[in-house]
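Numbering (my numbering), first residue to last: 43 to 180.
Notes follow once the structure below has been shown.
Here is the structure:
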């Protein structure tokens, strides 16, 4: 076999043998790491599960926070302030009507009416200032 004895053919067979041995060694090395790879994949899966749970918890807390903050939006505060002004006015009118109906004596009426009107005017002043300064808009 003259062809197999040629130097180029011999080198090619040597290179082929080296590549085959290298691939075989690499395959054995990779198979040797299979357990480590499986363990690492399991760790990644566990971490992913933990991440999803923590993320879901975070999103729920973020939703609760937004819900809590919504009570303090400009429009909500202004609406509540308007309602409290109206309520204070109604209460003072109710005390005045009780006095006119004879259900309250003069001293009790003056004391209650002054206190209620003071609260009304404080709230009305805050509402007017907020609307004037355009701090809050609906």
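Using N, Cα and C, we set each Cβ at its ideal position, and we do this for glycine too.
Cutting at 7 angstroms between CB atoms, please list the residues of its own chain near residue i, excluding the five before and the five after it.
| i | result |
| --- | --- |
| residue 181 | Because the chain spans 43 through 180 in this model, residue 181 falls outside it and cannot be assessed. |
| residue 180 | Legend: pLDDT at residue 180 = 46, less than 50; position of this residue unreliable, no value from coordinates given. |
| residue 108 | none |
| residue 71 | none |
By Cβ distance below 8 angstroms, which residues in the same chain neighbour residue i in space, the five residues on each side in sequence not counted?
| i | result |
| --- | --- |
| residue 169 | 120, 123, 124 and 127 |
| residue 154 | 137 and 146 |
| residue 79 | none |
Using 7 angstroms as the threshold, is the C-beta distance between residue i and residue j below it?
| i | j | result |
| --- | --- | --- |
| residue 162 | residue 117 | no |
| residue 165 | residue 130 | yes |
In chain order, what residues of the same chain lie with their CB nearer than 6 angstroms to the CB of residue i, ignoring the 5 residues before and after it?
| i | result |
| --- | --- |
| residue 47 | none |
For residue i, which of the options has the nearest alpha-carbon?
| i | options | result |
| --- | --- | --- |
| residue 132 | 51, 159, 50 and 63 | 159 |
Legend entry - Contained alpha helix (DSSP H) runs [length at least 4] in the segment 59 to 133, N- to C-terminal order: List check, alpha helix (DSSP H) in window: 76 to 112.
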